[in-house]
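Protein chains in written order, with this note's numbering: chain U, 4 to 136; chain H, 4 to 136; chain G, 4 to 136; chain S, 4 to 136.
Here a beta-carbon is modelled for each residue, glycine too, at the ideal position from N, C-alpha and C.
Predicted, not measured: the structure shown is a model, and the values here were computed from it.
Note sheet for the following structure.
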């Protein structure tokens, strides 16, 4: 099973940061490996402190379930089939900003971004994803 | 008080795994004893890493309350009598996939399954339950 | 990077259990994958409940540091270079009973055993290791 | 109060990584800010998974007490004035590898390194410290 390298992870964090800067966003950016373990991280100056943990949890959620963190959100709402799944695994984040990272057909890790609106977070995460291609 | 044996628990995990494999599901399967302590566990290759904890929590929830994990879900919704009970006990899972295991009239433990849709999870848990009969 | 399969992990747990039974030991036996995530587990009837967590922590410790759990013990003693490293990672176990599992030159996971003396625990873990060869 | 910037933190991680690579060490490298919050992190390919948490805890320990993590070790031994202080703050690491980062006379954060012997860890942390000068 392939795993993400530090060179790749660093490139991803830098690409996400650069995109965020171009938009005026202040973001926390985390990359985990295929075992959902932290591989690389950067927090932009002035980014929310509370988003350190959220960015890491978004990345882990995306790798733990091999889908975007935001794809879990509709399922975990009141009345939904996965209501309150967020209490598992020491805390999941089920809103957007966590995206799996793939090389070829294989998931090698995930990126998680937090610091702005969920749409802003996801756009920065996608900039990171693009850097791996 | 009767308790589940490792032989029984292993048989249950294997039956659940075999059923899951026949359906093309990738599942985490946990069995807890009458004290809600982990007795046996198996994770199929490629099954979600985030479902390790969920499968164990489903099994514990089913034994802690002597009912299917999914039976708690309607009660824990906003406005419901057990609203957010999920934060207790280090984290409950209140959607389907956890089922008590009984021998005669006595509950001897529970099975918890996670890795697919809640219907898929429950069907695999039932395959495990059937193996004890 | 290769990972342990459920078939391998199940074989390892069964071999360790069988050896423990032949010695009259009551053991908890855990196998984690190359990402230190739980892969398979079995608790023998009557084995200490407190050893569930210890067996899993031994396996994780062995994989987290790619060495036997007991190799850390001399280093973490009072006055040693890694004193109280046990408080990291949510709890390490640094006495014997956790051993990495290798295929060829690559570590694919680890086994952790708890339930008796540390020598007994380690002997059962070694029986599991041998089953992978 | 001055704080470390992401540019500085990234430079520090990269300098530490480069030094580690030149020595053949596989390290986890963490930088925290003046509030002891994670600022930047990188894990070299193949570095111990268990050292992710330890590197972050070393950095936090160094900033929480404004001294090298290893300076606490002699005080926390059995019979010492800070016996078992390691259980505070969610886990301290009191052996070498965590060093405060200063700009002029002010502490702006700390670096924590884990992955080898404590002497190796500290040498890599010092390479990071030097990069800030």
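Residue i - containing beta strand (DSSP E), residue span
i	result
residue 19 of chain G	Element bounds for residue 19 of chain G: not the beta strand (DSSP E) but the alpha helix (DSSP H), 9-26.
residue 36 of chain H	31-36
residue 101 of chain H	101-106
8 angstroms Cβ cutoff met for residue i and residue j
i	j	result
residue 101 of chain H	residue 71 of chain H	yes
residue 63 of chain G	residue 55 of chain G	no
residue 28 of chain H	residue 118 of chain H	yes
residue 37 of chain H	residue 6 of chain H	yes
residue 82 of chain G	residue 80 of chain S	yes
residue 14 of chain U	residue 134 of chain U	yes
Rounded distance between the beta-carbons of residue j and residue i, thought under 8 angstroms
i	j	result
residue 33 of chain H	residue 41 of chain H	7 angstroms
residue 127 of chain H	residue 98 of chain H	Rounded, the Cβ-Cβ distance is 14 angstroms, inconsistent with contact.
residue 19 of chain S	residue 111 of chain S	Going by Cβ atoms, the distance from residue 19 of chain S to residue 111 of chain S rounds to 16 angstroms, so no, they are not a contact pair.
residue 16 of chain H	residue 39 of chain H	Wrong, their Cβ atoms sit about 17 angstroms apart, outside the cutoff.
residue 114 of chain S	residue 104 of chain S	6 angstroms
residue 91 of chain U	residue 53 of chain H	7 angstroms
residue 31 of chain G	residue 58 of chain G	4 angstroms
residue 73 of chain S	residue 125 of chain S	7 angstroms
Residue span of the alpha helix (DSSP H) that contains residue i, given as start and end
i	result
residue 117 of chain S	Element bounds for residue 117 of chain S: not the alpha helix (DSSP H) but the beta strand (DSSP E), 109-117.
residue 120 of chain G	Neither: residue 120 of chain G is in no alpha helix (DSSP H) and is coded neither H nor E.
For this session: Could I get the ranges of all uninterrupted alpha helix (DSSP H) runs contained in the segment 40-94 of chain S, with 4 residues as the minimum, in chain order?
Result: 54-68, 72-75
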